[in-house]
Amino acid sequence: MSTAKKLQNKLFRAGQEQSSAGAAAGDVTPIASGASTPVPEQLKINIPAPPGAQQGDKREKENLPKRPPSQQESAPELTPKDAGSDMDTPDAAAHDKKQTLRDRLIAELGPRFRSVEEYRLQQSDKYQVHWKRWGPYVSERQWGTVREDYSANGDAWNSFPFEMAESRAYRWGEDGMAGISDNHQRLCFTLGLWNGKDPILKERLYGLNGNQGNHGEDVKEVYYYLDSTPTHSYMKYLYKYPQAAFPYQQLKDENQNRSREVGEFELMDTDLFDENRYWDVYVEYAKDEEFADAISVRITAYNRGPDPADLHILPQLFFRNTWSWGKELPPNVPSLSQEAEGVIHASHDTLGETRLYCTPSPAPAAPAKGGVVLVDGPSIVPDLLFTENETNFERLWGGKNRTPFVKDAFHDHLIPSHRPPEPEVAKTAEAGLALKSPAVKTPKLPPAHTAAEIEQDGDDDEPAGPQKKQADGDHDGPIHVATPPPRPISGHGYRQFVNPDKTGTKAAAHYHFTDVPANGGCVVVRLKLTPYSPDEDPTIVDEELFDENMEERRVDADEFYGRIARGGVSEDLRSIMRQALSGMLWTKQYYQYIQKEWMDGDPGQPPPPPERKWVRNKEWKHMYINDILSMPDKWEYPWFATWDTAFHCIPLAMVDPSFAKKQLDLMTREWYMKPDGALPAYEWNFSDVNPPVHAWATFRVFKIERKMFGREDLDFLERVFQKLLLNFTWWVNRKDADGNNVFEGGFLGLDNIGPFNRSEPLPTGGTLRQADARQA
Numbered sequence: 000m001s002t003a004k005k006l007q008n009k010l011f012r013a014g015q016e017q018s019s020a021g022a023a024a025g026d027v028t029p030i031a032s033g034a035s036t037p038v039p040e041q042l043k044i045n046i047p048a049p050p051g052a053q054q055g056d057k058r059e060k061e062n063l064p065k066r067p068p069s070q071q072e073s074a075p076e077l078t079p080k081d082a083g084s085d086m087d088t089p090d091a092a093a094h095d096k097k098q099t100l101r102d103r104l105i106a107e108l109g110p111r112f113r114s115v116e117e118y119r120l121q122q123s124d125k126y127q128v129h130w131k132r133w134g135p136y137v138s139e140r141q142w143g144t145v146r147e148d149y150s151a152n153g154d155a156w157n158s159f160p161f162e163m164a165e166s167r168a169y170r171w172g173e174d175g176m177a178g179i180s181d182n183h184q185r186l187c188f189t190l191g192l193w194n195g196k197d198p199i200l201k202e203r204l205y206g207l208n209g210n211q212g213n214h215g216e217d218v219k220e221v222y223y224y225l226d227s228t229p230t231h232s233y234m235k236y237l238y239k240y241p242q243a244a245f246p247y248q249q250l251k252d253e254n255q256n257r258s259r260e261v262g263e264f265e266l267m268d269t270d271l272f273d274e275n276r277y278w279d280v281y282v283e284y285a286k287d288e289e290f291a292d293a294i295s296v297r298i299t300a301y302n303r304g305p306d307p308a309d310l311h312i313l314p315q316l317f318f319r320n321t322w323s324w325g326k327e328l329p330p331n332v333p334s335l336s337q338e339a340e341g342v343i344h345a346s347h348d349t350l351g352e353t354r355l356y357c358t359p360s361p362a363p364a365a366p367a368k369g370g371v372v373l374v375d376g377p378s379i380v381p382d383l384l385f386t387e388n389e390t391n392f393e394r395l396w397g398g399k400n401r402t403p404f405v406k407d408a409f410h411d412h413l414i415p416s417h418r419p420p421e422p423e424v425a426k427t428a429e430a431g432l433a434l435k436s437p438a439v440k441t442p443k444l445p446p447a448h449t450a451a452e453i454e455q456d457g458d459d460d461e462p463a464g465p466q467k468k469q470a471d472g473d474h475d476g477p478i479h480v481a482t483p484p485p486r487p488i489s490g491h492g493y494r495q496f497v498n499p500d501k502t503g504t505k506a507a508a509h510y511h512f513t514d515v516p517a518n519g520g521c522v523v524v525r526l527k528l529t530p531y532s533p534d535e536d537p538t539i540v541d542e543e544l545f546d547e548n549m550e551e552r553r554v555d556a557d558e559f560y561g562r563i564a565r566g567g568v569s570e571d572l573r574s575i576m577r578q579a580l581s582g583m584l585w586t587k588q589y590y591q592y593i594q595k596e597w598m599d600g601d602p603g604q605p606p607p608p609p610e611r612k613w614v615r616n617k618e619w620k621h622m623y624i625n626d627i628l629s630m631p632d633k634w635e636y637p638w639f640a641t642w643d644t645a646f647h648c649i650p651l652a653m654v655d656p657s658f659a660k661k662q663l664d665l666m667t668r669e670w671y672m673k674p675d676g677a678l679p680a681y682e683w684n685f686s687d688v689n690p691p692v693h694a695w696a697t698f699r700v701f702k703i704e705r706k707m708f709g710r711e712d713l714d715f716l717e718r719v720f721q722k723l724l725l726n727f728t729w730w731v732n733r734k735d736a737d738g739n740n741v742f743e744g745g746f747l748g749l750d751n752i753g754p755f756n757r758s759e760p761l762p763t764g765g766t767l768r769q770a771d772a773r774q775a
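Residue 0 is where the sequence shown starts when you use numbering that gives the first Met the number 0, and the numbers rise one by one after that.
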């Protein structure tokens, strides 16, 4: 049975009878045309509508559990936003206005109005509002990449395996689940979960590396990109989290023991999803109507199993480590701190200041048959945890940590079996008395001796060239101190893994839900990432306004995709197309790779082995990448491949032609393309030869924009084609043996599998004449 069939049987067919019965009673999900389609139990939001509402008119915003008004907290006392900010401030009165942005645009534009989302795209293209500053730019796998490989032999998989990812700071990017970041990935937000049984927190998707999988690298999780607009004003993601311990070792062992001639051992081949014992965890993001830097986050988890269960939800906010790689620390290390109860304050030199408001959540709610879900139980107040986004040298290599709090602190704090053994000295009576002294405060970071260059907040619509300065380019890591800071000890004599002073560069809001009811019981977490205060933005503390804002952005997405999918297209095909395009938008990723710095190593680290310079990409020292790029896949292929990018841009041009054009343009810029005209292939070997499809994709994108949006960007066409003349010359000089402009060779063919590696001479000698094409 195929993996797709297994998935369908285990996750969708169970409960199908219930769904059919519900459909007969009117329990359906409305779709744009007014028709109704039964929803499988595992994908249905099964919380009832308000009293008096028609069953077919349910709105998700009305069906989520809320606390009674008496339990909703008043706004915390906070420092007002800095007076010098250049951003507009939403006021409370704006939320009471009857006229929406859509109403105003219709009145102003008349028949020229297309959709609210297209208006945001126009604002972004004109550099009026930076709607694309925040997006799903966090990779799903940074470990095992060439960028993080500093080994002598170029074995990227083994030099940075999955097992190190929880404890080791990344050099060139971050990863996580359902994550967002700014366009330079200074500040990241990701999802963390724990079912109480796993040996580690679920912070990133698990999969096998290229040597472990019997068919190569392979992610072993069940997750979906459900929705996204081009400006990421609304996004939705689904992760299916087993309630039993995740079978990390079983997945590895079973696949390693299989040959390439047999199928892969998947998560569906285990019993994890039997009896529906899993969580449906939805993550939604919604930007404010007219304020691009204010983002509502809603995490909704449903217990699909037959028994009550516990769930820990840990939304995480952290800075990418840009300070640990030079000989000296920069003068201003970014910081997170607890500003008030449930409020994390973030401060960064170039990003500015913002806050994550972690409001109390309603108690778990059981699925009901009717009425508003108002939960009378005690609110779930999050515990704010703080640590540093720093490598745990002690755990990984038995070395000395630079700071007492490290990257994997939340694992140790929550999971006793994850903690390192306590030293024997702590068991003596004398040590016990000594441990009763006050806890040791976090030592201050040493001052910098030279000013470091900090990257500036450039617009992500403007390519960053070699002349641009980077926060992590010129100050690449501190020298590790010989004597580690003292381990913080609590008043009870136990080691503290999180910072009691509530400061750091990595933070989490720990929500612990117990006895979530079975068969659809629901919990919800509402957060707001915003530079504004509750006085300026009432959606922070008002759950009804919060959910209304989320719903309005979803309606914007409906409106946008309703215009894209027109004509005689069935609702099923409309839904498939929308989710496919959303998946393309979700797989944007911040990608940084400064080849010379990577090759030379970091000043504050031991010099790399000299033979490393000959492993790969030695001819590409001009590469200077610091951009948001479209990835083939953010887990299995979290690196750009130029000819994949060309194919990506065809569907992307349907929803965001500006982004598609920028992708094609970037590949021909001086800091990507070699002076001889070669386009970079992919990070494992930039010199590999891929099919010459860039010119075709450029012209197709030009025509798609002209047909769908009525615009002809001749400047784009001319700019890219001029560079592609160099690329054509390179092909003629290198890959045209007979001089007839018919190119041969290359890495790929026969749908990605070839009998010979055509980048190398044939083992038999001679010339390979073969016509084939890869299915894109």
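Note that beta-carbon positions come from the ideal geometry of N, C-alpha and C, so glycine has one too.
None of these values were measured; they are calculated from a predicted model.
Rounded C-alpha distance that separates residue i from residue j
i    : j    : result
W156 : Y590 : 19 angstroms
G33  : Y224 : Unreliable positioning characterises G33 in this predicted model, as indicated by a pLDDT of 33, which lies under 50. The coordinate reading is nonetheless provided below. Taking the straight line joining both Cα atoms gives about 24 angstroms.
I539 : D546 : 10 angstroms
G325 : E596 : 11 angstroms
W193 : G209 : 27 angstroms
H647 : I703 : 13 angstroms
F639 : P650 : 17 angstroms
P780 : P363 : This structure cannot speak to residue 780, because the chain is shown only from 0 to 775.
E162 : E253 : 18 angstroms
T586 : V115 : 23 angstroms
F188 : G134 : 10 angstroms
S334 : P403 : 16 angstroms
R394 : D407 : 10 angstroms
C357 : F290 : 20 angstroms
D687 : W642 : 11 angstroms
P602 : I624 : 20 angstroms
W236 : L584 : A small correction: the amino acid at residue 236 is Tyr; Trp does not occupy that position in the sequence shown. Taking the straight line from one Cα to the other gives about 12 angstroms.
R710 : S574 : 27 angstroms
D268 : E260 : 18 angstroms
T230 : S295 : 15 angstroms
L384 : I343 : 10 angstroms
Candidates the options: closest to residue i by CA position
i    : options                   : result
E635 : E165, K131 and Y205       : Y205
W670 : F685, A659 and K660       : F685
M615 : R119, N152 and T99        : The residue you asked about is not Met; residue 615 is Arg in the sequence shown. Measuring from the Cα of R615, the nearest candidate turns out to be N152.
D714 : P760, S657 and W683       : S657
Q495 : Y277, W133, R418 and P516 : R418
S360 : R297, D664, W322 and T763 : R297
G172 : E139, R101 and P420       : E139
R119 : S232, E220 and R668       : S232
K219 : E202, A564, S227 and P246 : P246
Y301 : P314, Y281 and F317       : Y281
Beta-ladder partner(s) of residue i, from DSSP
i    : result
M234 : S227 and Y284
C521 : Y301 and A364
A507 : Q315 and L384
A556 : Looking at the DSSP assignment, A556 forms no beta bridge with any residue, so it has no partner.
S158 : According to DSSP, which records beta bridges pairwise, S158 is partnered with nothing at all.
P241 : Y277
A345 : L335 and T353
N213 : G215
Host beta strand (DSSP E) of residue i (start-end)
i    : result
F318 : Q315 to F318
M176 : M176 to D181
G351 : G351 to C357
S779 : Outside the displayed range of the chain (0 to 775) lies residue 779, so it cannot be described from this structure.
I627 : Y623 to S629
Y149 : Note, Y149: premise wrong, no beta strand (DSSP E); not H, not E.
I593 : K587 to I593
T189 : L186 to L190
The alpha helix (DSSP H) enclosing residue i, as first and last residue numbers
i    : result
F701 : H693 to F708
M653 : T641 to V654
T667 : Taken as a continuous stretch (DSSP letters only), T667 belongs to no alpha helix (DSSP H), as it is neither H nor E.
T728 : L713 to R733
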